[in-house]
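Just below is one structure, and these are the notes that go with it.
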Amino acid sequence: WNAGDYVTSFHVSTLVESDRPVVAERAVYWNGRTGGHDSIGVPLP
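In structure tokens form, the structure reads like this:
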């Protein structure tokens with residue numbers, strides 16, 4: 007889903023919880039996806 011459809015600020019945090027192992031990724035794209043940034047999550051805080 008697109009966070010921009012739900013969030014009106016650049017100051018956003020997300021908590022991902024699961025009873026099974028997961029990998030969370032934060033991908034940000036701009037300018038028609040010609041530019042972007044990506045950051046993977048960590049297994050524990």
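Residues 7 to 51, numbered by this note's numbering, are exactly what the sequence shown covers, in order. Idealized CB from N, CA, C, for every residue including glycine.
| Asked | Found |
| --- | --- |
| D44, enclosing beta strand (DSSP E) - first and last residue | 41 to 46 |
| Beta-bridge pairing of E31 - partner residues as DSSP gives them | I46 |
| CB of A30 within 9 Å of CB of G47, strictly | yes |
| Proximity of V22 and A9 at Cβ, strictly below 9 Å | no |
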